[in-house]
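Please read the structure below before turning to the comments.
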Amino acid sequence: DWIIAPEGYAAYYCGGECAFPLNAHMNATNHAIVQTLVHLMNPENVPKPCCAPTRLHAISVLYFDDNSNVILKKYKNMVVRACGCH
10 DWIIAPEGYA
20 AYYCGGECAF
30 PLNAHMNATN
40 HAIVQTLVHL
50 MNPENVPKPC
60 CAPTRLHAIS
70 VLYFDDNSNV
80 ILKKYKNMVV
90 RACGCH
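Residue numbers (the numbering used here): 10 to 95.
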């Protein structure tokens with residue numbers, strides 16, 4: 010009961026497969042492109058790239074501290090806004 014607001018929040022997440030070929034809409038890094046090609050040649054030893062956050066936003070939280078003071082704090086990188094292959 011120490012958090013006043015928000016009552017909850019949607020963190021979102023990234024999912025899905027990063028399979029060859031990596032299209033422009035996949036926001037793939039150069040490393041992911043190379044890893045995909047190496048995976049095609051040696052799938053037992055090199056995994057496919059992972060879909061991971063590429064852009065995150067902050068949320069503000071209003072809460073009581075240990076001394077019952079009301080605190081407003083901004084927490085960075087809490088909400089996924091975009092995903093890509095890494």
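Note that beta-carbon positions come from the ideal geometry of N, C-alpha and C, so glycine has one too. In this text, all values refer to a predicted model and were calculated from it rather than measured experimentally.
Annotated three-state conformation of residue 54 is coil, per DSSP. A distance below 6 Å between beta-carbons, with the five flanking residues on each side excluded, links residue 66 to the following residues of its chain, in chain order: 88 and 90. The C-beta of residue 30 has fewer than 16 other C-beta atoms within 10 Å across all chains shown, which makes the residue exposed. Residues of the same chain with a CB within less than 7 Å of the CB of residue 83, apart from the 5 flanking positions on each side, are 67 and 69 in chain order. In this chain, the beta strand (DSSP E) harbouring residue 73 covers 60–73. As DSSP reads the structure, residue 14 sits in a beta bridge with 71.
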